[in-house]
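First to last, the protein sequences are chains A and B.
Residues in the first sequence are numbered from 1 upward in steps of one, following our numbering.
Residues in the second sequence are numbered from 1001 upward in steps of one, following our numbering.
Quick reminder that beta carbons are idealized off the backbone N, C-alpha and C, glycines included.
Take a look at the structure below.
Number of protein chains: 2
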Amino acid sequence: MVALLILWRDPCLPYSEERVGWKPSRRRRLSAVKADRDKQRTRIVGAAIRLAEEHGLDRVGLREVAEEVGLALGTLYKSFRNKDEILGAVVDRQMAAMREALGGPVPAGETAADRVHSFFERFTEVVARHPAFTRGMLGALSTGRGAVVKAILRSDVETSKMVIGAIRGVPAAEVDFERCGDDERETAFLLRQIWFASMIGWSVGLHPLDEVVAHIDIAARRFL
Amino acid sequence: MVALLILWRDPCLPYSEERVGWKPSRRRRLSAVKADRDKQRTRIVGAAIRLAEEHGLDRVGLREVAEEVGLALGTLYKSFRNKDEILGAVVDRQMAAMREALGGPVPAGETAADRVHSFFERFTEVVARHPAFTRGMLGALSTGRGAVVKAILRSDVETSKMVIGAIRGVPAAEVDFERCGDDERETAFLLRQIWFASMIGWSVGLHPLDEVVAHIDIAARRFL
């Protein structure tokens, strides 16, 4: 299992409603509808993060999100049937942003342990950018909210590729997960488990955020 | 951080209310009051576990526990101010029972990895004896319920001693934690973290309970 609770950097893209002066083709109209729907989903996800950061994830419901975005509740339902689906979408979009931010460049460091340190340092920093929201998501994950757990599962291989990329010193995009040996997969898995347990420790106030990466360092010394 | 959510084996000791025919000394009376209070706490803790197993931890409040034990709510308040305090007491008592069950004998196995396997197998089995309750406790822990987190913290050293005992092949009671080297402490810590993350994985339905110990085996092969 992994926990990937990456906070999406800029969830609230401007929503353009400008009128177009020409009559688009059916295909063009369909793709415009899709783009509009994507933008709306983006705004909804952004609103959920903001509200959760401000009031706590427990207090955020579909009604509050609809109000924050300025949508009728019925319209919101067309995109998300319940709060869990919104949270699942948050994880998916954060993962996409994380892939963009961390999937390309190789983390800094001479040794594998150094690069693993750099990777998890950045990863943790991004995840914990909105601390109250992240705590809420870790809680939602640990209490088994279906859509959150499924979204996290979807991101498992992707995170492992990033960790393996850091170990090898190559971009994550160049890692062919299917061809990785058991040894590399297991190392990535164990590091992710330790990271997750330490994130929970931070989340419930057992230790500061720095210690999460310190725990990874302890493990990296043993594994790598 | 650790997760020690051990389920106490026999929480519902019989509660004797027989009258005594002699007038005890003040000291005797005080110790009898203390014993009665201990028994009452035991019954309360047992009732909380039973109710949580049956209805889910979220649905168990002080009122339900008082009703199950047959106490007035006001009387229950004298022992526990809130639900979190009951949950903290559950962890403390479970730890005491775990110490008794696992602290004495050395776990079976020729190698350190074998003994660590035996220890975590038994540990996991005891912890997951009441699965619904355990899931609730893991959720309570991960969402930072204060008294649960504090009780878990109190049990940290004790669990580490058990793990180190298993590695060395000696009873946990013979392990002087203060004199353990960084290496042993770190190994115990990492194994506990991996165990905890995997327990969450089981708890939210990512994998069956067997895999928790399989994950420990993967780690033990690397560490030991």
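As assigned by DSSP and simplified to three states, the class of residue i
i	result
B/Pro1131	helix
A/Gly205	coil
B/Ser1160	helix
B/Ser1198	helix
A/Ser118	helix
A/Phe177	helix
B/Phe1223	helix
B/Ser1025	coil
B/Phe1080	coil
A/Thr187	helix
A/Leu51	helix
B/Leu1071	coil
A/Gly61	coil
A/Glu110	coil
B/Gly1146	helix
A/Gly139	helix
B/Val1213	helix
A/Val170	coil
A/Gly104	coil
A/Gly88	helix
Cβ neighbour criterion (16 or more within 10 Å) applied to residue i
i	result
A/His215	buried
B/Pro1107	buried
B/Glu1110	exposed
A/His117	buried
B/Val1175	buried
A/Leu30	exposed
B/Ala1032	exposed
B/Arg1115	buried
A/Gly165	buried
A/Glu53	buried
B/Lys1083	buried
B/Ala1113	buried
B/Val1170	exposed
Cβ of residue i within 8 Å of any chain B Cβ
i	result
A/Ala197	yes
A/Ile167	no
A/Ala219	yes
A/Leu191	no
A/Leu138	yes
A/Val212	no
Residue i at chain A interface by Cβ criterion, 8 Å
i	result
B/Glu1125	no
B/Glu1186	yes
B/Gly1046	no
B/Gly1021	Note that B/Gly1021 scores 48 on pLDDT, short of 50, meaning its location in the model is unreliable and no value can be drawn from it.
B/Thr1143	yes
B/Ala1052	no
B/Arg1222	yes
B/Gln1040	no
B/His1055	no
B/Gly1088	no
B/Ile1200	yes
B/Leu1206	yes
B/Val1060	no
B/His1130	no
Cβ neighbours of residue i in the same chain (closer than 7 Å, five flanking residues each side left out)
i	result
B/Phe1026	First, the residue type needs correcting, since residue 1026 of chain B is Arg and not Phe in the sequence shown. None.
B/Glu1121	Val1213
B/Val1065	Ile1044, Ala1047, Ala1048, Leu1051, Leu1076 and Ile1086
Residues near residue i by beta carbon distance below 6 Å, same chain, minus five either side
i	result
B/Lys1161	Ala1172, Val1175 and Phe1177
A/Pro41	Checking the displayed sequence, the identity of residue 41 of chain A turns out to be Arg instead of Pro. Excluding sequence neighbours, A/Arg41 sits near Ser79.
B/Val1069	Arg1043, Ile1044 and Ala1047
A/Ala188	Ser160, Val163 and Ile164
B/Val1157	Phe1177
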